[in-house]
Amino acid sequence: MNEITRRLLLSFEWRPVFILVLLLLAFFYTRGWFRLRLKSRNKSIVPVWKLVGYLFALLTLGLALMSFIDILGASLFYFHMIQHLMLTMIAGPLVMLADPMPITLWGMPDQIRRAVGQGLSRLLHRNSPYRNILKQVTSPAVSYILMLVLLWGWHDPNLYNLALRSPFWHDFEHISFFYSSVIYWWHVTGAAPRLRPLMSKPRRILYLFGGVPSTFLPGVFISFSTTIIYTYYLTAPPAPEPFFMTPINDQIIGGIIMWVPGSMMFFVGALVLIGRWMQEQERQSKAAKEKWMREQVTS
Amino acid sequence: MMQADWIKRILPVVILVLALVFIVNPRSAFSHNGGEARIVDVEAGDFRLSVWTLPGPLEAGDLNFIVYAAESSQQGEFVRSTSPILDANIEVIIEPIRGGTPIIVRPNHGEATNNLFYESYFELLEPGEYRAIVSVESNDGRMGEAGFDFVLARGVLDINWFQYSGFALIAVVIGWFAWQIREEKRLKEV
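First to last, the protein sequences are chains P and Y.
Position 71 of the first sequence, counted from 1, bears residue number 71 in this note's numbering, the numbering being contiguous throughout.
Position 53 of the second sequence, counted from 1, bears residue number 1053 in this note's numbering, the numbering being contiguous throughout.
Below you can see the structure in the form of structure tokens.
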């Protein structure tokens, strides 16, 4: 590895506030996970993969927003797409799969946990107006439209260039991507707090397939474009070999990343649900068959 | 219970540290961008220079200059494929066009997020028109210089929201402390 590449890969955007927040979240989740593990007889409530998945999600957030991936995102479109995918397609779903709210609450000292728990139960009580508002603004339809609008809207050339020129809008873009992903995947994973009943598996499968156009359509449009859409990259800070690409190739690769790996997480989620749904159907039909056979024997 | 006690003591301290870091250096919470291109791949003596500035557009207050120096032998190639000059001495002289005292800043790798660049954070409070002269001197004695003019607008926000939010966070932590002390007293009484 030459000196230039080495220096670039070791570049790190030092953001102590963000690092401390990540460490606090990791600490409380890990502590809550261990406490629940010790207290509960049924270990499957807090499986190991949840802890690993949550910590990996936090690591992904850290890498996406502070490492050379973020730094190269200011120079190359395809690195910026990798960064967005890490936020929306890795960190978002993994955080929700780990069911962070109850486990993090269990990681807090008892007094604080009770205070936060009481506050939350008051806020999310069945008759609370906040619960109803929250229920409306995070419904599956709203979550889906929000994700679609944000993903398409931020890829408008004017908004995209604005985000790259202004740190405030750049952060706002990333936060909006991450939270729209979290809210979208909330309905797939059924993480707490459950404001509405979890959708049936066939509905969730459709919901996931419905998510594909959010990355597929802009990805196809960008990668087949023959002109430079994001003119910012014509005068962007340079990126050396081996990452360097001409602006048009950079745009094509970025579009393909958004299109193929960007859609993949929806398919993976849908396939897992299809598998579980089929197992469920199989169990049901087996039980029905056994019941029928028992009835035949007794008659 | 013992474990919970030390967390109860440590947590407010961690949050206070967070708030203080945020107040002293709000930049530490936010991302860093490419910024606005001022000069891109211009010939400057033995080198080719590019400069980006932040925030965009430039406003009186904290400014960030990002400098990239490349070998001039690669002239004609697209700027992004050039190889950077590392460990050079960079100096930027910023002088008001209508007269006044110039300031000198020295972008370096230490302040840069990308180790191939040179950066400098500094304060410029007086709105107006300025000229920036960027000079580069490499370890082997080669030199180059380039310049650009810029307009520094009056800061739109006179209120520093970051500091106010930091103070609010500290107030919350102090409130929390007070609440805990009251609770402990109440429990003792019970």
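C-beta: ideal position from N, C-alpha, C; glycine also.
Could you tell me which chain P residues have their CB closer than 7 Å to the CB of Glu1043 of chain Y, listed as they occur along the chain? In chain order: nothing, as chain P lies at least about 16 Å away.
In whole angstroms, what separates the C-alpha of Phe1065 of chain Y from that of Gly1144 of chain Y? Approximately 17 Å between the Cα atoms of the pair.
Close beta carbons around Trp277 of chain P, own chain, < 6 Å, minus the five adjacent residues each side: Lys201
Considering only DSSP beta bridges, list what Arg7 of chain P is partnered with. None, per the DSSP bridge assignment.
Could you please tell me which residues of the segment 139 to 163 of chain P, in chain order, have their CB closer than 7 Å to any CB of chain Y? none
Tell me the start and end of each unbroken alpha helix (DSSP H) in the segment 192 to 218 of chain P that is at least 4 residues and wholly inside, in chain order. none
Chain-ordered neighbours of Thr304 of chain P on chain Y, where CB pairs are closer than 7 Å: What the structure shows of chain P is the stretch from 1 to 299, and residue 304 of chain P is not part of that stretch, so it cannot be assessed.
Candidates P:Arg196, P:Phe28, P:Val17, P:Met258: closest to Arg126 of chain P by CA position: P:Arg196
Please list, in chain order, the chain P residues whose beta carbon lies closer than 8 Å to that of Asn1115 of chain Y. Arg7, Leu8, Leu10, Ser11
Could you confirm whether any beta carbon from chain P is found closer than 8 Å to the beta carbon of Ile1066 of chain Y? yes
Neighbourhood of Leu148 of chain P by C-beta, 6 Å cutoff - its chain only, sequence neighbours within 5 removed: Ser214
So, under 8 Å CB-CB, Thr951 of chain Y and Phe1122 of chain Y are touching, yes? Tell me the CB distance rounded to an integer number of Å. Outside the displayed range of chain Y (1001 to 1190) lies residue 951 of chain Y, so it cannot be described from this structure.
Quick one: is Gly1144 of chain Y near chain P, going by C-beta distance under 8 Å? Not an interface residue.
Using 8 Å as the cut-off, can you tell me whether the segment 35 to 51 of chain P makes contact with the segment 98 to 115 of chain P, which would need three or more C-beta pairs spanning the two stretches below that distance? yes
In the DSSP assignment, find the unbroken alpha helix (DSSP H) run with Met96 of chain P in it and report its ends. 92 to 97
For Phe1167 of chain Y and chain P, any beta-carbon pair shorter than 8 Å? It does not; no Cβ of chain P falls within 8 Å.
What distance in whole Å lies between the Cβ atoms of Leu85 of chain P and Gly262 of chain P, which are believed to be in contact at a cut-off of 8 Å? 6 Å
Out of curiosity, what's the CA-to-CA distance linking Val1173 of chain Y and Ile1015 of chain Y? Just so you know, the alpha carbons of Val1173 of chain Y and Ile1015 of chain Y end up roughly 7 Å apart.
Taking all protein chains shown into account, decide if Ala1044 of chain Y is buried (16 or more other Cβ within 10 angstroms of its Cβ) or exposed. If you draw a 10 Å sphere on the C-beta of Ala1044 of chain Y, you find 16 or more other C-beta atoms in it, and that means buried.
DSSP state of Ser299 of chain P, grouped into three classes? coil
For Ala1153 of chain Y, which of Y:Glu1126, Y:Phe1167, Y:Trp1176, Y:Ala1069 has the nearest alpha-carbon? For the residues Y:Glu1126, Y:Phe1167, Y:Trp1176, Y:Ala1069, the minimum Cα distance to Ala1153 of chain Y belongs to Y:Glu1126.
For Tyr78 of chain P versus Met265 of chain P, is the C-beta spacing smaller than 8 Å? No; because the gap between Cβ atoms is not below 8 Å, this pair is not in contact.
Can you grab the Cα-Cα spacing for the pair Glu1036 of chain Y / Pro1057 of chain Y, in whole Å? 8 Å
Residues in its own chain within less than 6 Å of Arg35 of chain P by CB, not counting five upstream and five downstream? Trp106
Contact set for Leu94 of chain P: own chain, Cβ-Cβ below 8 Å, skip 5 residues either direction: Gly53, Tyr54, Phe56, Ala57, Thr60
With distance defined between alpha-carbon atoms, name the residue in P:Val272, P:Leu134, P:Phe216 nearest to Arg194 of chain P. P:Leu134
Integer Cβ distance of Leu65 of chain P from His174 of chain P, believed to fall under 8 Å: 7 Å
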